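Numbering-wise, our numbering comes out as the position in the sequence shown, counting from 1, plus 375.
The beta carbon of each residue, even a glycine, is placed where N, CA and C say it ideally should be.
It should be emphasised that the depicted structure is a prediction, and the values quoted were computed from it without experimental measurement.
Note sheet for the following structure.
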Amino acid sequence: MPSLLFVCSANQLRSPLAEVVFRSHLERRGLSAAWRVGSAGVWALEGSPAARAALQTAASRGLSLAQHVARRVREDLLRDSDLVLVMEREHQDALREVFPAFGDRIRLMTEMVGEAGEVEDPIGLPLERVRSLMDELERILQAGWPRIRALAEAGRSASEADGAQG
């Protein structure tokens, strides 16, 4: 079962939205039960709820973050993830520095569609900017599906091979 972890700064806005968007994509493809999907934050305050703007934006698209609880990136989350998609280079650099063994799994989200930019943090900006973020996440996850799937499945194969050798 491929596993995917979305990572942002606080796990209250970007990564939880990416998680629910990706889950909805999987559901439409009939693959919900075939994947493990989660989110975390590099500097998250454990137990915090999703940001109000994230809750409102998700709800406006028929998605719910009502049960979301922020969590910080930990080694076990990375070990259990075949692919880790981060929003910013700063997240990628921080995780690769603290968890170098998992560096090859950590990718910038925009790489999934061949772009070099970052998914900017709209925290504190007008709700319209959060809606634009949701559109951006939808676009990246839809167009990036073939690459996401290939990388996660390749990561799963490598993890299984490592487990068989160890």
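Pairwise C-beta distances place the region 433 to 446 out of contact with the region 470 to 482, as fewer than three of them are shorter than 8 Å.
For residue 377, the three-state secondary structure derived from DSSP is coil. Counting the other CB atoms within 10 Å of its CB gives residue 377 a total of 16 or more, which places it among the buried residues.
Spatial neighbours of residue 519 in its own chain (CB-CB distance under 6 Å, excluding positions within 5 residues in sequence) are listed in chain order as 487, 488.
Around the beta-carbon of residue 413, 16 or more other beta-carbon atoms lie within 10 Å, marking it buried. By the 16-neighbour rule on beta-carbons within 10 angstroms, residue 387 is buried.
Note that the C-beta distance between residue 422 and residue 383 is not below 8 Å.
If you draw a 10 Å sphere on the C-beta of residue 530, you find 16 or more other C-beta atoms in it, and that means buried.
Within the DSSP secondary-structure output, residue 414 pairs in a beta bridge with 381.
Spatial neighbours of residue 444 in its own chain (CB-CB distance under 6 Å, excluding positions within 5 residues in sequence) are listed in chain order as 422. Note that the C-beta distance between residue 494 and residue 513 is not below 8 Å.
Cβ atoms of residue 508 and residue 482 stay farther apart than 8 Å, at about 19 Å.
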